[in-house]
Amino acid sequence: MRVCSIYFLLMVFAFPVLHAQSAEKSEKLLHELSESGFLQRYKQYKMEAEKHVALMKLKRGACSDEQKIEMEFAYKETQEAFHSFLYSVRNDLLDAKMRRHIKKDTELYVENKLLELDEIYQEYYLKKFHPIYLQVCHPEIASRRTIDPSLMVPMIVSMLPAITGVFTKLADFFDDNRQDKLEVFKQLLEEEWVQPHLFRDWEQI
29 MRVCSIYFLL MVFAFPVLHA QSAEKSEKLL HELSESGFLQ RYKQYKMEAE
79 KHVALMKLKR GACSDEQKIE MEFAYKETQE AFHSFLYSVR NDLLDAKMRR
129 HIKKDTELYV ENKLLELDEI YQEYYLKKFH PIYLQVCHPE IASRRTIDPS
179 LMVPMIVSML PAITGVFTKL ADFFDDNRQD KLEVFKQLLE EEWVQPHLFR
229 DWEQI
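Our numbering applies: residue 29 is where the sequence shown begins, and numbers increase by one.
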């Protein structure tokens, strides 16, 4: 009975330490993920979209009601598509089966996700949102097919080594399947990686 009591007390005192260590490790991994360049494209696309919404709003007085509705709808479609991408990465990291897949061929996973991000940019931002922005803010060039020259991003091949290394560490982090680590990381992933990188709502810009 006394042995059980001692063991219980040890666990009570050890848990905060283990929790803190797990949180510290999770923080470090999330920082490495953010600094690896994986979100470099995403953040650039987000910045440009929000900037163009602000510029369009400055010209709302010169817009028709139809254009105003089109602008807001196109932005929200773009916002939702980018959010789906961010949540898909989060869900992959939290899913044991997907983590095994990531670990098996990390470079392929990272490359596919970066390509997916660029496809979202092409499909939603360039084809739907950007043309309306041009119609409102630059009608003189709206008929041309343009890609915003400020969106200069590095080639995927130059980004792969650093990003692949981080995703390998993330997969290894969950190898022991400890639920406490998973819960700590899940909370931090949501608070420090997902939420800060969500596109601002139309009304907030």
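Glycine included, each C-beta is placed from N, C-alpha and C at the ideal position.
Please read all numbers here as calculations on a predicted model, not as lab measurements.
Rounded C-alpha distance that separates Leu-145 from Ala-109: 9 Å
DSSP state of Ile-233 mapped onto helix, strand, coil: coil
Validate contact between the region 213-227 and the region 53-66 using beta carbons, cut 8 Å, 3 pairs: yes
Buried or exposed by the 16-neighbour rule on C-beta atoms within 10 Å, applied to Gln-207: exposed
CA-to-CA distance, Arg-88 to Pro-189, given in whole angstroms: 45 Å
Expected contact under 8 Å - CB spacing of Ile-97 and Phe-195 to nearest Å: About 40 Å; that fails the 8 Å criterion.
DSSP-derived helix/strand/coil call for Leu-217: helix
Nearest-angstrom Cα separation, counted from Lys-197 out to Thr-134: 10 Å
C-beta contact flag for His-80 and Phe-201 at 9 Å: no
Candidates Asp-120, Tyr-137, Glu-151 and Lys-74, of which the one nearest His-229 by Cα: Before going on, a small fix: residue 229 reads as Asp here, not His. Nearest option by C-alpha distance: Lys-74.
Ser-116 (DSSP reduced to helix, strand or coil): helix
Boundaries of the alpha helix (DSSP H) in which Asp-146 is found, first to last residue: 134-148
Rounded separation between Phe-101 and Phe-66 - CA only: 28 Å
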